[in-house]
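Undergrad: Take any residue in the sequence shown, note its place counting from 1, add 10, and you have its number in the numbering used here. Here it is: the structure, laid out below.
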Amino acid sequence: MVGEWQPPEASGLEKPPRDNPIVGHVVQRLLNMVYPPSVSIGITENSVHLYLCKYRAHRK
11 MVGEWQPPEA SGLEKPPRDN PIVGHVVQRL LNMVYPPSVS IGITENSVHL YLCKYRAHRK
């Protein structure tokens, strides 16, 4: 770091803490925006068949 971003030498700070839940949360949200998790819509051949059976029974 340079300039005003550099911490004073007397501060004793050498590196950021290892575990930072806030930064971890922000990074996870950003990753979910860039690479959205796959969403299963739950449509299977059996569910389509059951829907068609109910639809046909309702129309009679």
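Ideal placement from N, C-alpha and C gives every residue a C-beta, glycine not left out.
1. Can you name, in chain order, every residue of its own chain whose Cβ lies under 8 Å from the Cβ of residue 13, other than the five neighbours on each side?
2. Using the three-state DSSP reduction, which class does residue 25 fall into: helix, strand or coil?
3. Suppose you measure from the CA of residue 38 to the CA of residue 63; what does that come to, to the nearest Å?
4. Identify which residue in 16, 32, 36 has its Cα closest to the Cα of residue 25.
TA: Based on what the coordinates show:
1. none
2. coil
3. 43 Å
4. 16
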